[in-house]
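J.:
4 protein chains.
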Amino acid sequence: MKNEKINRRIQIIEDAIQVIVEVGYTNASIGNIAKRAGVSKGVVTYHFSNKEELMRAVVEHSYAMAIPFMEKFMNESDSAQALLRAYIESNLRFIFEHQKYVRAIIEVVSNARTDDGELLYKEEDESIYEPLIEIFKLGQEVEGSFRDFCPIIMAKTVRSVIDSMGTKVVNNDIADMEKTISEIVDTFDFATRKNS
Amino acid sequence: MKNEKINRRIQIIEDAIQVIVEVGYTNASIGNIAKRAGVSKGVVTYHFSNKEELMRAVVEHSYAMAIPFMEKFMNESDSAQALLRAYIESNLRFIFEHQKYVRAIIEVVSNARTDDGELLYKEEDESIYEPLIEIFKLGQEVEGSFRDFCPIIMAKTVRSVIDSMGTKVVNNDIADMEKTISEIVDTFDFATRKNS
Amino acid sequence: MKNEKINRRIQIIEDAIQVIVEVGYTNASIGNIAKRAGVSKGVVTYHFSNKEELMRAVVEHSYAMAIPFMEKFMNESDSAQALLRAYIESNLRFIFEHQKYVRAIIEVVSNARTDDGELLYKEEDESIYEPLIEIFKLGQEVEGSFRDFCPIIMAKTVRSVIDSMGTKVVNNDIADMEKTISEIVDTFDFATRKNS
Amino acid sequence: MKNEKINRRIQIIEDAIQVIVEVGYTNASIGNIAKRAGVSKGVVTYHFSNKEELMRAVVEHSYAMAIPFMEKFMNESDSAQALLRAYIESNLRFIFEHQKYVRAIIEVVSNARTDDGELLYKEEDESIYEPLIEIFKLGQEVEGSFRDFCPIIMAKTVRSVIDSMGTKVVNNDIADMEKTISEIVDTFDFATRKNS
DNA sequence: TATGAATGAGCCTTCATTCAT
DNA sequence: CATGAATGAAGGCTCATTCAT
Chain S
1 MKNEKINRRI
11 QIIEDAIQVI
21 VEVGYTNASI
31 GNIAKRAGVS
41 KGVVTYHFSN
51 KEELMRAVVE
61 HSYAMAIPFM
71 EKFMNESDSA
81 QALLRAYIES
91 NLRFIFEHQK
101 YVRAIIEVVS
111 NARTDDGELL
121 YKEEDESIYE
131 PLIEIFKLGQ
141 EVEGSFRDFC
151 PIIMAKTVRS
161 VIDSMGTKVV
171 NNDIADMEKT
181 ISEIVDTFDF
191 ATRKNS
Chain H
1 MKNEKINRRI
11 QIIEDAIQVI
21 VEVGYTNASI
31 GNIAKRAGVS
41 KGVVTYHFSN
51 KEELMRAVVE
61 HSYAMAIPFM
71 EKFMNESDSA
81 QALLRAYIES
91 NLRFIFEHQK
101 YVRAIIEVVS
111 NARTDDGELL
121 YKEEDESIYE
131 PLIEIFKLGQ
141 EVEGSFRDFC
151 PIIMAKTVRS
161 VIDSMGTKVV
171 NNDIADMEKT
181 ISEIVDTFDF
191 ATRKNS
Chain D
1 MKNEKINRRI
11 QIIEDAIQVI
21 VEVGYTNASI
31 GNIAKRAGVS
41 KGVVTYHFSN
51 KEELMRAVVE
61 HSYAMAIPFM
71 EKFMNESDSA
81 QALLRAYIES
91 NLRFIFEHQK
101 YVRAIIEVVS
111 NARTDDGELL
121 YKEEDESIYE
131 PLIEIFKLGQ
141 EVEGSFRDFC
151 PIIMAKTVRS
161 VIDSMGTKVV
171 NNDIADMEKT
181 ISEIVDTFDF
191 ATRKNS
Chain Z
1 MKNEKINRRI
11 QIIEDAIQVI
21 VEVGYTNASI
31 GNIAKRAGVS
41 KGVVTYHFSN
51 KEELMRAVVE
61 HSYAMAIPFM
71 EKFMNESDSA
81 QALLRAYIES
91 NLRFIFEHQK
101 YVRAIIEVVS
111 NARTDDGELL
121 YKEEDESIYE
131 PLIEIFKLGQ
141 EVEGSFRDFC
151 PIIMAKTVRS
161 VIDSMGTKVV
171 NNDIADMEKT
181 ISEIVDTFDF
191 ATRKNS
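Residue numbers (full-length UniProt numbering), protein chains in the order written: chain S, 1 to 196; chain H, 1 to 196; chain D, 1 to 196; chain Z, 1 to 196.
Printed below as a string of structure tokens:
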């Protein structure tokens, strides 16, 4: 019983994500989402008192899917260089394999606004840069294997590339994906390491 | 008379851009734009028979502002390395100083859709990668100063970083801007050049 | 058990009255009332099969509280003049001390409608004028202490003043209340008695 | 042209009043009002940006009709006693002959609320008591023809009776109306004058 | 007896578009 | 050229009611 309830919530969230990806945040009306879920409009507003609440749930749900995926790769590594390569690879891999969630997050975060027009997710969550910054400091200060660059700006640069891939790659050619991953990993390897 | 008409058109486009940036594409209704322009709603639909047409004009106008700005820097340079540095710097500088246009383009391109939900600007214009690709080929094939990487993927990587800066930087601290430009320029310098 | 059921009913009615007074009849939804009562919406519809039924219960409950209060004062008096003064005073005192119930009645009676828009309590209950009319007839026909006026119109006049006080007086200043009571009592004393 | 625009506004207001009187404030939806006016729903929201704005217009319009009517009677009189009689008679006559407007005002004023449940017209406009208070002071302090009573409370008492007549009298029997007017006028004549 | 789930209608509002002037 | 008027669709939301458990 309780299980069913939870599933219904999640079912709606998943349907919402699907609709958002297909027709965009703006056209992802509660009516459209309900139709996709095969339920009446009231069901959606019953489980989520607001459209805002539903969209927050969409973002949370999508984020929650990424975290374990990313950690898996990071625990197996050692050096700063290896950590950075693993971070980029695991993130890109997640994005390529879960484009749906990534796009949904982007759609919601960049479009959801309050009544007076302010972006709902205006304050960028700086904490997402923390893991990268730690890796950079490890390479610069502890190992001395990284050249001297600003960790914050480099973190933003890396994330820019990762995040943009969610919308850039459309064809799911597996070869393309592996090639792209290895190229980007190499790119930031060269970009960060200290030349002997 | 004709001059007035053109000015009126451009005025509306500029006001539209302002509104789009402030409240987002979705809330940038014709009514809002007309109010901002200080004219009646009819004037807008008179100059632009469609909302779609107005939005296309917004994108064209914004793009048109970028092109001369970019070329100015590129003509003064020589080597592939210098060209790349100039390309990145001029693009970033334009973006930082014309965030309004960049954001407007992003808003419109990523949100404008047809009635059945398809993105209006779905087909990514691959031609924007051409200048970068040419620079990369010059460095790899002619000069031999660049290492061996995929020019297309590298071009997408570079543009990802440039484009994302339009939304990432909020404070207009001039020092921050210069720092960011030099860091990113250096990053891709190291990322592309062949180590001796 | 039965006791509990009754208490639960009355608890809901009291909460409904509170909600009605605070946000008005229209906004006194079953959901709001249930929330105030700290129970699920289903409990309300379980005890009252209808919103209409609940509202009727509200009116009955509120009326029921007034009757004993009014009689207490009336039994101790004698002459028509004294009866009228006691009637007005006791009614005003009840209203001032139980504004909640009075306002709830007014809200429901003046707003509850059938599906086709007809007032539910359309037919004014003429019986509420009876006690006053009897007092007037006593003063006019038996005692000869009252001047010649239409008992029905005077009864409506008196009740108008009494009923309106439920919404007019907002500050609960005790001095104000006593002053108001004595002034109104005097007013109708002068208005009804035969001048020598 | 301008004339037509004004008429359309007033036409909607009048239709709104009619609908409010017939089905009550709550059921007087913009849709219902538009249907009654024989126009599309959008026309109403075009002329009145809000339901609140429309309702304010209803109240203003209704009030505006009362003022000239009341003044006509008051200018012809002299003594405090005559002024009071004229005030009550003219007000009652207006109410009986324009019940529609009076009821509309009552419906709106006692039901229109803000989003958080507060009455829109919460602050009672004390200025409506001013004319009566002036009459009373004239009779008490200047002429000495009125007995000693609280002018404010008496003013509220008189207005209670007048206002309540808007909802109390349903049959338009002309004889009833005249009888009621004369009885109420007499009542407050006796209630205020000083007995010799 | 009690509850959460679901429904469908209705409301206010926003909006792109059309049209007569 | 420009405008105000009007339309109709769609959106988010509230709500009384029904129903299975």
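Here a beta-carbon is modelled for each residue, glycine too, at the ideal position from N, C-alpha and C.
In angstroms with no decimal places, state the Cα-to-Cα distance between Leu54(H) and Ile128(H).
T.: Stepping through the second sequence from its first residue, residue 54(H) is reached at position 54. Stepping through the second sequence from its first residue, residue 128(H) is reached at position 128. Spanning the two alpha carbons is a distance of roughly 23 Å.
J.: Say whether the region 23 to 43 of chain D touches the region 76 to 96 of chain D, bearing in mind that this needs 3 or more beta-carbon pairs closer than 8 Å, one atom from each stretch.
T.: No, because fewer than three Cβ pairs between the region 23 to 43 of chain D and the region 76 to 96 of chain D fall closer than 8 Å, the two stretches do not touch.
J.: For my contact list, Arg193(H) and Ser145(H) are in at a C-beta cut-off of 8 Å; report their separation, rounded to the angstrom.
T.: On the second sequence, residue 193(H) is found 193 positions in, with the first residue counted as 1. On the second sequence, residue 145(H) is found 145 positions in, with the first residue counted as 1. With 8 Å as the limit, Arg193(H) and Ser145(H) qualify as a contact, their Cβ atoms being about 6 Å apart.
J.: I'd like the list of long-range same chain contacts for Ser110(D), defined as Cβ closer than 7 Å, with 5 residues on each side in sequence excluded.
T.: The count along the third sequence starts at 1 and reaches residue 110(D) at position 110. Counting only Cβ-Cβ distances below 7 Å, and skipping sequence neighbours, we find nothing.
J.: Against chain Z, does Val161(D) count as a neighbour if the rule is that its beta carbon must be under 7 Å from one of theirs?
T.: Reading the third sequence from its first residue, position 161 is the one you call residue 161(D). Yes, Val161(D) counts as interfacial toward chain Z.
J.: From Asn195(Z) to His98(D), what distance separates their C-alpha atoms?
T.: In the fourth sequence, the residue the question calls residue 195(Z) occupies position 195. In the third sequence, the residue the question calls residue 98(D) occupies position 98. The straight-line gap from Cα to Cα measures roughly 36 Å.
J.: Could one say the Cβ of Asn27(D) lies closer than 7 Å to chain Z's Cβ atoms, at least one of them?
T.: Taking the first residue of the third sequence as position 1, residue 27(D) is located at position 27. True, the Cβ-Cβ gap to chain Z drops below 7 Å.
J.: Which residue's Cα is closest to the Cα of Phe136(S): Tyr25(S), Ser62(S), Ala80(S) and Asp186(S)?
T.: Taking the first residue of the first sequence as position 1, residue 136(S) is located at position 136. Nearest C-alpha to Phe136(S): Ala80(S).
J.: Cβ of Ser62(H) within 7 Å of Cβ of Ile30(H)?
T.: Here residue 62(H) corresponds to residue number 62 of the second sequence, with the count starting at 1. Here residue 30(H) corresponds to residue number 30 of the second sequence, with the count starting at 1. No, these two residues do not count as a Cβ contact at 7 Å.
J.: Per the DSSP calculation, Phe146(H) is bridged to which residue(s)?
T.: Taking the first residue of the second sequence as 1, we reach residue 146(H) at position 146. Paired residues: Arg193(H).
J.: Who are the near neighbours of Val102(D) in its chain, counting only those whose CB is closer than 7 Å to its CB and skipping five residues on each side?
T.: In the third sequence, counting from the first residue as 1, residue 102(D) sits at position 102. Around Val102(D): Ile95 and Gly166.
J.: Ignoring anything shorter than 4 residues or poking outside the UniProt DNA-binding region "H-T-H motif" (29 to 48) of chain H, list the alpha helix (DSSP H) runs there in chain order.
T.: The qualifying runs are 30 to 37 and 41 to 47.
J.: Counting contacts by CB-CB distance shorter than 7 Å, is Ser164(S) in contact with chain H?
T.: Position 164 of the first sequence, counted from the first residue, corresponds to residue 164(S). Ser164(S) counts as touching chain H.
J.: Less than 6 Å between C-beta atoms, sequence neighbours within five positions excluded: which residues of the same chain meet that for Val19(D)?
T.: One-based indexing of the third sequence puts residue 19(D) at position 19. Closer than 6 Å at the Cβ level, and outside the excluded window around Val19(D), lie Ala28, Asn32, Ile33 and Arg36.
J.: When DSSP labels each residue in this structure, what does Leu83(D) get in the three-state scheme?
T.: Taking the first residue of the third sequence as position 1, residue 83(D) is located at position 83. Three-state DSSP puts Leu83(D) in a helix.
J.: If you follow the alpha helix (DSSP H) that Tyr129(Z) is in, where does it begin and where does it stop?
T.: To locate residue 129(Z), count along the fourth sequence from 1; it is residue 129. No alpha helix (DSSP H) holds Tyr129(Z); DSSP gives it neither H nor E.
J.: Using a C-beta to C-beta distance shorter than 7 Å, which residues of chain D count as neighbours of Gly156(Z)?
T.: Sequence index remark: in the fourth sequence, residue 156(Z) carries index 156 (1-based). Per the sequence shown, the amino acid found at residue 156(Z) is Lys instead of Gly. Neighbours of Lys156(Z) on chain D, chain order: Lys168.
J.: Please report the straight-line C-alpha distance between Glu118(H) and Asp163(S), rounded to a whole angstrom.
T.: Position 118 of the second sequence, counting from 1, holds the residue named residue 118(H). Position 163 of the first sequence, counting from 1, holds the residue named residue 163(S). Roughly 22 Å between the two C-alpha positions.
J.: Report the rounded CA-to-CA distance for Arg56(S) versus Arg9(D), giving the unit in angstroms.
T.: Numbered from its first residue, the first sequence carries residue 56(S) at position 56. Numbered from its first residue, the third sequence carries residue 9(D) at position 9. So the two alpha carbons sit approximately 39 Å from each other.
J.: Quick check: is the beta carbon of Arg103(S) nearer than 7 Å to any beta carbon in chain H?
T.: In the first sequence, counting from the first residue as 1, residue 103(S) sits at position 103. Not an interface residue.
J.: Do Val185(D) and Val108(D) have their beta-carbon atoms positioned less than 7 Å apart in this structure?
T.: Reading the third sequence from its first residue, position 108 is the one you call residue 108(D). Reading the third sequence from its first residue, position 185 is the one you call residue 185(D). Not in contact: Val108(D) and Val185(D) (Cβ atoms no closer than 7 Å).
J.: Could you check which residue in Lys168(Z), Ile152(Z) and Cys150(Z) has the C-alpha nearest to that of Val158(D)?
T.: As a first step, residue 158(D) is located in the third sequence; it is residue number 158 there, counting from the start. It is Lys168(Z).
J.: Would Ile88(D) pass as an interface residue toward chain Z - the criterion being a Cβ-Cβ separation below 7 Å?
T.: Residue 88(D) sits at position 88 when you count from the first residue of the third sequence. For Ile88(D), the answer is no, since every Cβ of chain Z falls outside 7 Å of its Cβ.
J.: Quick one: give me the first and last residue of the alpha helix (DSSP H) that Tyr101(D) is part of.
T.: Taking the first residue of the third sequence as position 1, residue 101(D) is located at position 101. That run of the alpha helix (DSSP H) goes Gln99 to Asn111.
J.: Just to make sure I have the definition right: I need the residues of chain S whose C-beta is within less than 9 Å of the C-beta of Phe149(H). Which are they?
T.: The sequence position of residue 149(H) within the second sequence is 149, counting from 1. Near Phe149(H) (Cβ distances below 9 Å), the residues of chain S are Glu183, Asp186, Thr187 and Phe190.
J.: Looking only at its own chain, which residues have a Cβ that is under 6 Å from the Cβ of Gly139(S), when we skip the five neighbours before and after it?
T.: Numbered from its first residue, the first sequence carries residue 139(S) at position 139. Cβ neighbours of Gly139(S) beyond the five flanking positions: Ala80, Ser145 and Phe146.
J.: Tell me, please, whether the CB atom of Val59(S) is closer than 7 Å to any CB atom in chain H?
T.: The residue labelled residue 59(S) in the question sits at position 59 within the first sequence. Taking Cβ atoms only, chain H never reaches closer than 7 Å to Val59(S), which makes this a no.
J.: Rounded C-beta distance between Ile181(D) and Arg93(D)? I'm assuming under 8 Å.
T.: The count along the third sequence starts at 1 and reaches residue 181(D) at position 181. The count along the third sequence starts at 1 and reaches residue 93(D) at position 93. Their Cβ separation, rounded to whole angstroms, is 7 Å, which keeps Ile181(D) and Arg93(D) in contact under 8 Å.
J.: Quick one: which chain D residues come within Cβ less than 9 Å of Lys179(Z)?
T.: Sequence index remark: in the fourth sequence, residue 179(Z) carries index 179 (1-based). Correct list: Cys150 and Ile153.
J.: Applying a beta-carbon distance threshold of less than 7 Å, which residues of chain Z neighbour Gly144(D)?
T.: Taking the first residue of the third sequence as position 1, residue 144(D) is located at position 144. Chain Z residues near Gly144(D): none, gap ~16 Å exceeds 7 Å.
J.: Which chain S residues sit within Cβ distance under 8 Å of Val23(H)?
T.: One-based indexing of the second sequence puts residue 23(H) at position 23. The answer, in chain order, is Arg113 and Gly117.
J.: So, is Pro68(Z) buried or exposed, given that buried needs 16 or more other C-beta atoms within 10 angstroms?
T.: To locate residue 68(Z), count along the fourth sequence from 1; it is residue 68. Exposed, since its Cβ has fewer than 16 Cβ neighbours within 10 Å.
J.: May I ask which residues mark the beginning and end of the alpha helix (DSSP H) holding Lys168(Z)?
T.: For this step, residue 168(Z) is matched to residue 168 along the fourth sequence. First-last of the alpha helix (DSSP H) with Lys168(Z): Pro151 to Lys168.
J.: Can you check whether the C-beta of Asn195(S) is within less than 7 Å of a C-beta belonging to chain H?
T.: For the purposes of this step, residue 195(S) is taken as the residue at position 195 of the first sequence. For Asn195(S), the answer is yes, since a Cβ of chain H falls inside 7 Å of its Cβ.
J.: Please say whether Glu14(H) and Ile153(S) have beta carbons closer to each other than 7 Å?
T.: As a first step, residue 153(S) is located in the first sequence; it is residue number 153 there, counting from the start. As a first step, residue 14(H) is located in the second sequence; it is residue number 14 there, counting from the start. Not in contact: Ile153(S) and Glu14(H) (Cβ atoms no closer than 7 Å).
J.: Using 10 angstroms around the beta-carbon of Val142(D), count the other beta-carbons present and answer buried if the total reaches 16, otherwise exposed.
T.: One-based indexing of the third sequence puts residue 142(D) at position 142. Per the 10 Å Cβ criterion, exposed.
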